[in-house]
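Colleague: Going by the working numbering, the residue at position 383 of the sequence shown is 497; the numbering climbs one at a time, nothing skipped.
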Amino acid sequence: MTFHSNARATARAVPPLKLGRLAALIALGGMAAHAGAQTIPGPANCAALVGMQVESGTVVAAERFAQGATIAGTANLFGGDATTTVSTNFCRVKLQLKPTPSSLINVEAWLPETWNGKMFGYGGGGQNGGLGQSAALMNASAKNGYASATSDVGHATNSSAEWAYNQPEKIIDWGHRANHLVAVTAKQLMNAFYQRPVQRAYFQGCSGGGREAMMQVSRYPADYDGVIAGAPAMDWGPLMSMHIWTEQIRQSVPWLGTKFSAIKAAVMKACDKNDGVQDGVIENPKACKFDPVVLQCTIFDTNSCLNKSEVAAMRKLYEGPKLTTGELLIPGYSVGTETSWGISHFLNMLGGGPEYYKWMVYNDPSWTTAGFYLDVDVVNSRARVEPNVNSSNPDIGAFIQRGGKLLMHHGWSDSVIPSENTVRYYDKLRSRFPSIANNARLFMVPGAEHCAIGFDPAPVLEKWVEQGQAPERLINTVTTSTLFGTTTTTHPLCAWPKVAKYNGTGSTTDAANFTCADPQ
Numbered sequence: 115m116t117f118h119s120n121a122r123a124t125a126r127a128v129p130p131l132k133l134g135r136l137a138a139l140i141a142l143g144g145m146a147a148h149a150g151a152q153t154i155p156g157p158a159n160c161a162a163l164v165g166m167q168v169e170s171g172t173v174v175a176a177e178r179f180a181q182g183a184t185i186a187g188t189a190n191l192f193g194g195d196a197t198t199t200v201s202t203n204f205c206r207v208k209l210q211l212k213p214t215p216s217s218l219i220n221v222e223a224w225l226p227e228t229w230n231g232k233m234f235g236y237g238g239g240g241q242n243g244g245l246g247q248s249a250a251l252m253n254a255s256a257k258n259g260y261a262s263a264t265s266d267v268g269h270a271t272n273s274s275a276e277w278a279y280n281q282p283e284k285i286i287d288w289g290h291r292a293n294h295l296v297a298v299t300a301k302q303l304m305n306a307f308y309q310r311p312v313q314r315a316y317f318q319g320c321s322g323g324g325r326e327a328m329m330q331v332s333r334y335p336a337d338y339d340g341v342i343a344g345a346p347a348m349d350w351g352p353l354m355s356m357h358i359w360t361e362q363i364r365q366s367v368p369w370l371g372t373k374f375s376a377i378k379a380a381v382m383k384a385c386d387k388n389d390g391v392q393d394g395v396i397e398n399p400k401a402c403k404f405d406p407v408v409l410q411c412t413i414f415d416t417n418s419c420l421n422k423s424e425v426a427a428m429r430k431l432y433e434g435p436k437l438t439t440g441e442l443l444i445p446g447y448s449v450g451t452e453t454s455w456g457i458s459h460f461l462n463m464l465g466g467g468p469e470y471y472k473w474m475v476y477n478d479p480s481w482t483t484a485g486f487y488l489d490v491d492v493v494n495s496r497a498r499v500e501p502n503v504n505s506s507n508p509d510i511g512a513f514i515q516r517g518g519k520l521l522m523h524h525g526w527s528d529s530v531i532p533s534e535n536t537v538r539y540y541d542k543l544r545s546r547f548p549s550i551a552n553n554a555r556l557f558m559v560p561g562a563e564h565c566a567i568g569f570d571p572a573p574v575l576e577k578w579v580e581q582g583q584a585p586e587r588l589i590n591t592v593t594t595s596t597l598f599g600t601t602t603t604t605h606p607l608c609a610w611p612k613v614a615k616y617n618g619t620g621s622t623t624d625a626a627n628f629t630c631a632d633p634q
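1. Buried or exposed: which applies to Ser255, given that a residue is buried once 16 or more other Cβ atoms fall within 10 Å of its Cβ?
2. Extract the residue ranges of the alpha helix (DSSP H) inside the stretch 500–570, only unbroken runs of 4 or more that lie entirely within it.
3. Can you look up Gln210 in the DSSP assignment and give me helix, strand or coil?
4. In this structure, how does DSSP classify Asn617 when only helix, strand and coil are distinguished?
5. Does the stretch 393–413 come within contact of the stretch 330–348, defined as at least 3 CB pairs closer than 8 Å?
6. In three-state DSSP terms, what is Asn590?
7. Would DSSP call Ser201 helix, strand or coil?
8. Go ahead and pull the three-state DSSP assignment for Tyr470.
9. Under the three-state reduction of DSSP, which class applies to Trp692: helix, strand or coil?
10. Considering only C-alpha positions, which residue in the set Met428, Lys403 and Leu488 is nearest to Thr439?
11. I'd like to confirm the pairing. Which residues does DSSP put opposite Cys630 in its beta bridges?
12. Looking only at its own chain, which residues have a Cβ that is under 6 Å from the Cβ of Tyr432, when we skip the five neighbours before and after it?
13. In or out: Pro335 buried (at least 16 other Cβ within 10 Å) or exposed?
14. What's the gap between the Cα of Cys385 and the Cα of Tyr279?
15. Can you confirm whether the stretch 561–574 touches the stretch 312–322 when touching is taken to mean that 3 or more C-beta pairs between the two stretches lie within less than 8 Å?
16. Leaving out five residues on either side along the sequence, give the residues of the same chain with a beta carbon under 8 Å from the beta carbon of Asn617.
17. With respect to the alpha helix (DSSP H) encompassing Met329, which residues constitute its N-terminal and C-terminal limits?
18. For the candidate residues Pro468, Ile219 and Val613, whose alpha-carbon lies nearest to that of Leu209?
19. For the stretch 334–380, list the beta strand (DSSP E) runs that are entirely contained and at least 3 residues long, ordered along the chain.
20. List in chain order: all unbroken beta strand (DSSP E) runs of 3+ residues lying wholly within the stretch 405–479.
21. By how many angstroms is the C-alpha of Asn159 removed from the C-alpha of Ala141?
22. Give me, in chain order, the residues of the same chain whose beta-carbon lies closer than 6 Å to that of Lys472; leave out the 5 immediate sequence neighbours on both sides.
23. In angstroms, rounded to a whole number, what distance separates the CA positions of Pro560 and Ala161?
24. Checking the sheet assignment: what are the DSSP bridge partners for Gly599?
25. Anyone know if the C-beta pair for Lys246 and Gly323 falls short of 8 Å?
26. Let me know if Glu441 comes out buried or exposed under the rule of 16 or more other beta-carbons within 10 Å of its beta-carbon.
27. Which residue's Cα is closest to the Cα of Lys403: Thr416, Gly390, Gln392 and Ala380?
28. From what residue to what residue does the alpha helix (DSSP H) around Tyr260 run?
29. Restricting to Cα atoms, I'd like to know which of His524, Met328 and Asn398 is closest to Asp509.
30. Nearer than 7 Å: is that true of the beta carbon of Arg333 relative to any heavy atom of the ligand GDP?
31. For Thr604, does the three-state DSSP call read helix, strand or coil?
32. May I have the straight-line CA-CA distance separating Val207 from Val221, to the nearest angstrom?
33. By the three-class DSSP mapping on this structure, what secondary structure does Trp481 have?
34. Taking the straight line between their C-alpha atoms, what separation do you get for Ala300 and Ser262?
35. Tell whether a beta-carbon distance below 8 Å holds between Leu225 and Phe307.
36. If I measure Cβ to Cβ from Val312 and keep anything under 6 Å in the same chain, skipping five residues before and after, which residues do I get?
Printed below as a string of structure tokens:
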């Protein structure tokens with residue numbers, strides 16, 4: 115399967131449905147198409163969906179939930195939701211898709227009885243899908259009139275990638291096919307349920323879901339009109355390689371982790387004031403010219419200084435893994451994130467690089483990281499897996515041509531997925547498409563950790579797609595609780611490459627006192 119399938123995806127028509135019990139839907143009446151929100155009269159419409167045949171699968175369950183009812187959650191270490199209190203009357207539909215004999219993709223769609231004609235597809239996190247992780251978003255969408263859908267991308271939620279063992283088709287399902295089928299089948303389902311076509315389709319995902327979002331843009335440009343990609347893990351293979359490479363470096367300097375607090379303090383001293391404000395936040399880490407050599411020990415090796423080996427290690431970690439050819443595989447983590455590296459180290463090793471190489475690249479339960487060598491293993495990753503799972507292809511011309519809008523965001527303090535990788539990708543778009551700002555914009559969020567933004571990107575995207583209001587400046591809001599009460603800080607987010615600059619007067623916690631300007 116090739117990496118470039120834009121033409122096929124664009125031209126592909128949604129196949130006709132096998133109606134089965136759907137004839138009952140039309141007989142229920144009251145479903146004539148019109149432009150406004152539409153109320154479906156009665157729960158029988160929901161139950162009638164069972165047995166409906168969609169592309170590659172079937173509706174296996176459909177149940178009406180009334181406002182105020184509860185849906186049990188599947189909270190877990192990987193981002194599951196707690197019990198959900200239903201926000202409005204909707205039909206909860208479950209589908210099973212089997213595009214290949216070894217595939218089994220579980221899909222859920224929530225169809226509100228009062229519908230605005232639009233849909234949202236939701237991504238998951240890590241290597242997992244959105245089932246059990248998207249209930250809160252889908253519930254909010256239903257309340258606002260949106261129908262929504264998500265899936266398990268072909269396997270149960272797990273930190274291990276053992277589900278991929280001897281399962282090349284499941285890797286393809288997870289890599290890109292499942293989310294495409296969600297888009298296709300959700301539209302088939304909604305068209306039948308509401309008896310009118312979906313007017314606008316949107317997709318939203320962060321982290322692993324951001325990787326999925328970018329796959330929709332690059333591989334299936336006709337699926338969605340607008341896409342939100344947060345902290346996208348789009349260079350999946352390089353990111354997994356970085357996990358192991360980082361661990362190798364940390365093992366070579368075992369006491370480095372005890373010095374991260376001192377390193378971050380030195381970083382803030384060097385760069386916090388670059389934006390004209392000393393507030394504990396670095397506006398643009400790319401403009402921070404910090405060299406860890408300033409912390410090199412003079413006499414004794416303590417937790418407040420770095421020995422020569424640790425200075426060299428920190429330089430490598432900031433830069434990111436390089437091949438012997440000089441190619442930078444993926445940028446390192448940004449300065450100012452150092453005190454979070456311990457958490458990211460735990461999460462990455464739990465379900466990251468080692469799992470990827472063992473079960474996906476080498477398909478070998480006995481494989482360990484002991485023999486990992488960047489130049490050799492990256493070649494195998496690129497040949498065997500990355501064409502189906504990486505979504506960093508900057509050739510998004512088909513998406514642009516059909517008028518699609520891509521809204522990207524990434525926190526500068528992300529210690530899970532390197533922030534600068536998203537900047538690097540967007541800069542590639544700028545080089546390839548001089549007018550890219552008409553269709554894709556990136557907002558970097560100073561001080562924000564992984565997927566922890568203080569604004570709702572959905573209405574921003576919707577206004578851009580439907581009203582032509584391209585976002586120039588967004589407001590990020592952070593509320594902090596202390597023993598003395600709560601404080602609220604607002605800060606402008608500027609469309610990259612612009613950054614926020616303090617005007618010199620007024621509160622530095624008020625976005626009104628900052629201007630978007632070109633970086634120095």
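Glycine included, each C-beta is placed from N, C-alpha and C at the ideal position.
If you're wondering where the values come from, they're calculated on a predicted model, not measured in any experiment.
Modeller: According to the structure data:
1. Sequence index remark: in the sequence shown, residue 255 carries index 141 (1-based). Buried.
2. 500–503, 511–515 and 533–546
3. Residue mapping note: residue 210 aligns to position 96 of the sequence shown, counting from 1. Strand at Gln210.
4. Reading the sequence shown from its first residue, position 503 is the one you call residue 617. In the structure shown, Asn617 sits in coil (DSSP, three-state: anything other than H, G, I, E or B).
5. no
6. Working through the sequence shown from its first residue, we reach residue 590 at position 476. Strand.
7. Counted from its first residue, the sequence shown places residue 201 at position 87. Ser201 falls in the coil class under three-state DSSP.
8. Position 356 of the sequence shown, counted from the start, is the residue given in the question as residue 470. Three-state result, Tyr470: helix.
9. In the structure as shown, the chain begins at 115 and stops at 634. Residue 692 is therefore absent and cannot be evaluated.
10. One-based indexing of the sequence shown puts residue 439 at position 325. Answer by Cα proximity: Leu488.
11. For the purposes of this step, residue 630 is identified with residue 516 of the sequence shown, where counting begins at 1. Looking at the DSSP assignment, Cys630 forms a beta bridge with Ala614.
12. In the sequence shown, counting from the first residue as 1, residue 432 sits at position 318. Excluding residues within five positions, the ones whose Cβ falls inside 6 Å are Gly446.
13. Taking the first residue of the sequence shown as position 1, residue 335 is located at position 221. When all chains shown are included, Pro335 counts as buried.
14. The residue given as residue 385 occupies position 271 in the sequence shown. The residue given as residue 279 occupies position 165 in the sequence shown. The straight-line gap from Cα to Cα measures roughly 46 Å.
15. yes
16. For the purposes of this step, residue 617 is taken as the residue at position 503 of the sequence shown. Within the same chain, Asn617 has close Cβ partners Asn627, Phe628 and Thr629.
17. Here residue 329 refers to the residue found at position 215 of the sequence shown. Per DSSP, Met329 belongs to the alpha helix (DSSP H) from Gly322 to Arg333.
18. In the sequence shown, residue 209 corresponds to position 95, counting from 1. Cα-wise, what sits closest to Leu209 is Ile219.
19. 340–344
20. none
21. The residue you call residue 141 lines up with position 27 of the sequence shown. The residue you call residue 159 lines up with position 45 of the sequence shown. Reliability fails at Ala141, whose pLDDT of 35 lies under 50, so the model's placement of it is uncertain and no value is given.
22. In the sequence shown, residue 472 corresponds to position 358, counting from 1. If we look at Lys472 and ignore the five residues flanking it on each side, its Cβ neighbours are Trp481.
23. Working through the sequence shown from its first residue, we reach residue 560 at position 446. Working through the sequence shown from its first residue, we reach residue 161 at position 47. The alpha-carbon atoms of Pro560 and Ala161 are separated by roughly 48 Å.
24. Against the sequence shown, residue 599 aligns to sequence position 485. Looking at the DSSP assignment, Gly599 forms a beta bridge with Thr596.
25. In the sequence shown, the residue the question calls residue 246 occupies position 132. In the sequence shown, the residue the question calls residue 323 occupies position 209. Per the sequence presented here, residue 246 reads as Gly, with Lys not at that position. No, they are not a contact pair.
26. On the sequence shown, residue 441 is found 327 positions in, with the first residue counted as 1. It counts as exposed.
27. For the purposes of this step, residue 403 is identified with residue 289 of the sequence shown, where counting begins at 1. Selected option, being the one with the closest Cα: Ala380.
28. Here the question's residue 260 lines up with position 146 in the sequence shown. Here Tyr260 belongs to no alpha helix (DSSP H), and DSSP marks it neither H nor E.
29. Within the sequence shown, residue 509 is the residue found at index 395, counting from 1. Taking only the C-alpha atoms, the option nearest Asp509 is Met328.
30. Inclusion of the ligand GDP in the displayed structure is not the case, the ligand content being empty and no account of it being possible.
31. Position 490 of the sequence shown, counted from the first residue, corresponds to residue 604. Residue state, collapsed to three classes: strand.
32. Within the sequence shown, the letter at position 93 stands for residue 207. Within the sequence shown, the letter at position 107 stands for residue 221. If you take the alpha carbons of Val207 and Val221, they lie about 8 Å apart.
33. Here residue 481 refers to the residue found at position 367 of the sequence shown. Reduced to three states, the DSSP call for Trp481 is coil.
34. Mapped onto the sequence shown, residue 300 falls at position 186. Mapped onto the sequence shown, residue 262 falls at position 148. Taking the straight line joining both Cα atoms gives about 8 Å.
35. Working through the sequence shown from its first residue, we reach residue 225 at position 111. Working through the sequence shown from its first residue, we reach residue 307 at position 193. Yes.
36. The sequence position of residue 312 within the sequence shown is 198, counting from 1. Met233, Lys301 and Met304.
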